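Structure record follows, encoded as structure tokens.
2 protein chains.
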Amino acid sequence: MSEASEPTNQPPTEQPDRSIKSELKKRAKAAEKEKKAAEKAAKQQELAAQQAAAEADYAAEFYGTLPLHQSQSRPRQPRVDIASLPSRDGETVLLRARIHNSRAQGSKMVFLNLRQRIESVQALMIVAPEKVSKQMVKWAAGLATESIVLVEGVVKKSPEIIKSATVGTVEVEVSKLFLISGVEARLPFTVEDADRTEAEIEASGDQFNRVLLDTRLNNRVIDLRSQTNQAIFKIQAAVGDLFRQFLHSHGFLEIHSPKLQGAATESGASVFKVSYFKGGAFLAQSPQLAKQMAIAADFERVYEIGPVFRAEDSNTHRHLTEFMGLDLEMTIEEHYHEVMEMLDGLFLSIFHGLRDKYQKEIDVVNKQFPAEEFKWREGPEGTLKLSFKEAVDLLVEDGVAREELDDINTENEKRLGRIVRAKYETDYYIIDKFPMELRPFYTMPDPTDPTLSNSYDFFMRGEEILSGAQRIHDPKLLEQQMRDKGIEPESMRGYLDGFRLGCSPHGGGGIGLERVLMLFLKLNNIRRASLFPRDPKRLEP
Amino acid sequence: MSEASEPTNQPPTEQPDRSIKSELKKRAKAAEKEKKAAEKAAKQQELAAQQAAAEADYAAEFYGTLPLHQSQSRPRQPRVDIASLPSRDGETVLLRARIHNSRAQGSKMVFLNLRQRIESVQALMIVAPEKVSKQMVKWAAGLATESIVLVEGVVKKSPEIIKSATVGTVEVEVSKLFLISGVEARLPFTVEDADRTEAEIEASGDQFNRVLLDTRLNNRVIDLRSQTNQAIFKIQAAVGDLFRQFLHSHGFLEIHSPKLQGAATESGASVFKVSYFKGGAFLAQSPQLAKQMAIAADFERVYEIGPVFRAEDSNTHRHLTEFMGLDLEMTIEEHYHEVMEMLDGLFLSIFHGLRDKYQKEIDVVNKQFPAEEFKWREGPEGTLKLSFKEAVDLLVEDGVAREELDDINTENEKRLGRIVRAKYETDYYIIDKFPMELRPFYTMPDPTDPTLSNSYDFFMRGEEILSGAQRIHDPKLLEQQMRDKGIEPESMRGYLDGFRLGCSPHGGGGIGLERVLMLFLKLNNIRRASLFPRDPKRLEP
């Protein structure tokens with residue numbers, strides 16, 4: 001309306017030296033023009049009023065905010081997944097999705113990018129008589145990003161592949177749109193921001209928002225909606241599944257051991273204390289004692305997936321105060337290498353499973369976290385196994401002073417990872433035969449050299465992901481080792497009793513789920529591999 | 001030896017009135033007899049000495065205590081399971097087992113009952129030249145019950161079915177026997193005692209030891225070796241597996257949420273406090289908040305198997321301070337009954353799975369815990385669903401005063417279980433539409449009657465095993481409900497933020513693993529369904 005009426009309000013251009021005749025003619029023309037314009041304006045106003053009245057009528061029931069969902073009714077109308085849309089060309093579908101973003105095209109059309117987890121599709125709403133009104137388009141265009149909507153529309157082949165959506169071959173022409181849940185707070189960042197790669201941010205000349213890890217973790221619910229995070233936690237669940245499948249097929253039984261303990265399980269320094277009615281308790285630093293007692297109780301092969309608590313004030317990229325332990329313990333017939341080989345088979349089956357069934361998710365994560373492909377050795381040569389001594393020799397050859405290598409610290413561990421990758425072309429290897437003094441009291445000493453132990457660590461990309469060993473099953477030796485490490489045997493009577501009543505030789509290991517995930521995907525910080533991470537400074541959300 | 005020499009030491013029977021001739025004759029005879037006996041004895045002694053010398057020689061390397069197993073060698077000799085023995089008739093086998101009990105037959109033979117978990121077999125050792133010496137038999141007969149031994153022997157068809165072993169068609173004729181791990185403490189009870197049924201104890205006129213629950217729990221490692229417990233924990237693992245399999249096939253993702261929380265998750269009264277560096281933390285009373293945040297984070301369908309902590313000073317047959325929660329949460333399209341039906345399908349699949357694949361273990365448990373078979377409804381009529389009001393009416397009809405029934409207490413719950421079993425022939429049913437005031441703050445009210453809620457409990461044999469509901473996904477209503485229940489919304493900001501950023505309608509439920517196990521098997525006390533139970537008075541072992 002405003003554009004049409006503007007000309008009549010402009011002052012006439014003044015011109016000098018004009019004849020009366022031409023002046024009169026001109027005035028008549030102007031008057032006529034004015035009259036016509038007024039008539040046109042009136043007509044348009046009338047039309048607009050008619051249209052407005054008609055629009056308010058014809059589309060009002062096709063859009064709007066739904067009342068709070070309290071399960072008022074159950075019409076049993078099927079709803080579909082975005083992923084299924086390419087096979088539904090021509091169908092009218094109903095779906096619940098988030099508005100990932102929206103873009104109005106004038107007042108008659110709006111494009112919506114609809115998202116369900118890692119899938120998205122383009123939807124468009126176009127004004128159409130008796131179907132879609134301008135008010136409806138305006139309302140749709142005004143919906144906040146991240147709103148949850150119920151959409152009815154027709155699936156149509158898209159004229160060209162839509163690159164901004166994961167489902168690019170079709171789009172949805174929207175006929176109904178309802179708001180299920182709106183956004184009542186300012187978004188700290190958008191999911192698009194959360195998914196942006198470093199390369200995209202750099203290419204934009206830093207125009208895009210770089211969302212820092214702390215901001216993400218403070219607003220974890222929205223951060224987790226990103227494609228990258230949806231993929232990471234699908235892979236996390238897969239690691240657990242593959243762990244269970246392998247062990248199940250090898251006769252292991254799943255157990256659940258208590259996290260509340262009457263005594264510190266391994267070392268008093270890094271244990272959380274709990275108020276327990278009128279007394280105190282401790283949070284288990286591992287299921288070590290319980291799974292060994294399960295062996296003494298004849299369960300033969302057991303595993304547990306459960307939280308592990310460490311009160312270490314370590315603020316590093318790879319420490320959490322609570323993480324998921326994938327633990328196992330099994331009896332040994334002849335040699336602890338039976339356990340080491342079981343664990344090796346377990347890891348290979350996890351790597352294979354991820355590569356064979358989760359390549360799509362790995363690719364999604366790789367976009368944001370580019371990494372050299374994770375390498376491991378296959379076939380007859382098998383996994384690289386070094387003794388602790390051989391590992392030290394490799395580091396010395398590389399220039400590290402032997403005096404520094406009583407233990408291999410984090411920095412040298414990573415250096416070793418680089419040496420091994422260059423020399424043996426693998427990111428996954430085992431170090432066996434650790435010095436006895438570096439291991440916990442329950443570790444079995446080597447039969448010939450008492451300074452060594454029957455223990456091993458497993459590594460991925462130069463970081464430890466598993467620690468394990470043959471355990472002492474003889475109560476006298478166990479008591480002696482406890483005393484040597486300053487632990488009072490009487491404080492662990494229940495545990496010792498298990499061995500006094502006869503216990504098979506056994507061994508096992510504990511895997512940190514988040515570490516495996518972080519290192520396989522090269523996420524660089526363990527907090528990215530935990531749904532709601534906990535560290536000395538973070539207990540929320 | 002002793003039996004053969006006894007007669008010569010008996011005094012001659014005295015008789016009166018004898019002739020000299022006959023007397024002389026008699027004496028000569030006696031002298032001759034004595035001489036012969038002496039000769040025989042000397043010969044036998046010589047033989048015995050020869051034999052003993054020979055025996056010490058010929059069997060010494062076939063028995064004895066092995067040195068502490070430190071993985072000294074790896075001969076790769078295959079070892080077998082007792083369960084596989086019936087198919088190995090005639091084979092020489094090697095196996096590791098416990099001595100369940102032993103019985104010497106004179107000095108030349110010993111019977112050993114060998115046990116591996118729930119399987120057992122009879123082994124016998126008989127003196128044989130150059131193979132088994134008397135010393136060897138004596139040593140074997142002296143081995144303590146519960147010792148762990150390495151046995152080599154030949155599998156032979158048993159002359160008749162051996163009832164005292166689970167594998168009764170064959171026995172093992174032992175050629176070598178070594179002690180791997182001995183027993184260095186007095187057994188508080190034997191595994192045979194632990195497995196004895198009440199009927200057997202009564203039939204014995206209480207001659208057998210009745211092992212009380214507290215004694216069992218104080219010595220849990222040995223208690224767990226019983227057939228009954230081996231079966232219980234196999235079924236426990238099966239419940240978890242069946243839970244996961246069903247949810248996996250319905251698109252649920254496994255998550256792991258932190259047990260360390262910055263604020264109490266549900267109610268301040270029953271939460272354990274933890275010292276957290278310089279501050280404090282709480283142990284999660286359920287994964288409720290985390291799984292709802294996972295829904296707000298678009299994971300759509302999630303489940304978690306993890307420990308749940310309740311600081312309730314309840315010393316009953318069905319309360320633990322730490323138990324395993326099987327939790328799930330899912331988005332709702334139209335109605336919260338979608339969740340209720342999912343949970344119903346889940347339980348039916350667990351019941352079916354147990355009945356179809358674990359009948360052997362169920363039978364083992366039933367021997368010690370006789371129970372009416374667990375009943376549920378199948379087919380088109382489906383699971384019994386009562387509203388809270390209908391449940392109250394059933395109790396009132398049965399004679400309970402309506403005034404008592406604002407809530408249904410434990411006693412009335414059990415009464416309802418009996419009423420329902422009699423009337424509907426099922427031990428499994430659902431109660432829907434609980435009064436709002438009985439439910440936690442996050443429960444969605446009924447759309448028409450605000451005193452009711454969209455919530456349900458599931459029952460087995462008259463005891464609650466699951467509690468669930470549609471949740472409030474609207475932040476304003478949630479804040480209001482928090483205030484109504486005396487919770488300060490600001491204390492749960494991270495949780496509320498999830499809803500402020502848009503959240504789909506959703507619902508879920510939490511199952512107590514130990515309760516399901518206890519009620520399915522009718523174990524009568526929840527401690528029997530937990531590997532190492534924790535209650536207000538028990539933190540060990």
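The listed protein sequences derive, respectively, from chains A and B.
No gaps in the numbering here: position 442 of the first sequence is 442 in UniProt numbering, and each next residue is one more.
No gaps in the numbering here: position 276 of the second sequence is 276 in UniProt numbering, and each next residue is one more.
Here a beta-carbon is modelled for each residue, glycine too, at the ideal position from N, C-alpha and C.
Values in this document were obtained by computation on a predicted structure and should not be read as measured data.
With the cut-off set at 7 Å, would you say residue i and residue j are in Cβ contact?
i: residue 333(A); j: residue 88(B); result: no
i: residue 152(A); j: residue 176(A); result: yes
i: residue 144(A); j: residue 110(A); result: no
i: residue 336(B); j: residue 252(B); result: no
i: residue 272(B); j: residue 309(B); result: yes
i: residue 193(A); j: residue 209(A); result: yes
i: residue 321(A); j: residue 534(A); result: yes
i: residue 442(B); j: residue 472(B); result: yes
i: residue 133(A); j: residue 166(A); result: no
i: residue 384(A); j: residue 426(A); result: yes
i: residue 431(A); j: residue 398(A); result: no
i: residue 103(B); j: residue 298(A); result: no
i: residue 189(B); j: residue 170(B); result: no
i: residue 489(A); j: residue 532(B); result: no
i: residue 187(A); j: residue 65(A); result: no
i: residue 514(A); j: residue 323(A); result: yes
i: residue 222(B); j: residue 501(A); result: yes
How is the beta strand (DSSP E) around residue i delimited, first residue to last?
i: residue 428(B); result: 428–432
i: residue 423(A); result: Taken as a continuous stretch (DSSP letters only), residue 423(A) belongs to no beta strand (DSSP E), being part of the alpha helix (DSSP H) at 410–424.
According to DSSP, what are the bridge partners of residue i?
i: residue 109(B); result: 105(B), 126(B)
i: residue 331(B); result: 506(B)
i: residue 323(B); result: 308(B)
i: residue 535(B); result: 538(B)
i: residue 177(A); result: 63(A), 151(A)
i: residue 276(A); result: 279(A)
i: residue 512(B); result: 325(B)
i: residue 120(B); result: 115(B)
i: residue 158(A); result: The partner list for residue 158(A) (beta bridge, DSSP) is empty, contrary to what the question assumes.
i: residue 303(A); result: 254(A), 328(A)
i: residue 261(B); result: 282(B)
Kindly indicate the opening and closing residues of the alpha helix (DSSP H) around residue i.
i: residue 192(B); result: 191–195
i: residue 240(A); result: 227–248
i: residue 291(A); result: 288–296
i: residue 202(A); result: 198–203
i: residue 222(A); result: 220–223
i: residue 136(A); result: 134–141
Comparing the CB of residue i with every heavy atom of the ligand HEM, is any distance shorter than 6 Å?
i: residue 284(A); result: Summarising the ligand content, the structure contains no ligands, and the ligand HEM is consequently not present.
Please specify which runs of the alpha helix (DSSP H), each continuous and at least 4 residues long, are wholly inside the segment 39–94 of chain B, giving them in chain order. none
Which complete beta strand (DSSP E) runs does the segment 455–493 of chain B hold, if anything under 3 residues is left out? 455–460, 463–470
Is the segment 504–518 of chain A touching the segment 456–471 of chain A in the sense that three or more CB pairs, one from each, lie closer than 8 Å? yes
What are the complete beta strand (DSSP E) segments, minimum 3 residues, inside the segment 326–393 of chain A? 384–387
The segment 470–488 of chain A contacting the segment 514–529 of chain A, beta-carbon criterion three pairs below 8 Å: no
If you pair each beta-carbon of the segment 283–299 of chain B with each one of the segment 232–243 of chain B, do three or more pairs fall below 8 Å? no
Using 8 Å as the Cβ pair cut-off and three pairs as the minimum, do the segment 390–410 of chain A and the segment 443–452 of chain A touch? no
Check whether the segment 221–234 of chain B touches the segment 194–208 of chain B, counting contact only when three or more Cβ pairs, one atom from each stretch, lie closer than 8 Å. yes
Could you tell me whether the segment 372–384 of chain A touches the segment 415–434 of chain A, using the rule of 3 or more Cβ pairs below 8 Å? yes
Whether or not the segment 352–368 of chain A and the segment 406–413 of chain A are in contact is what I'm after, with contact meaning three or more pairs of Cβ atoms, one per stretch, closer than 8 Å; do they touch? no
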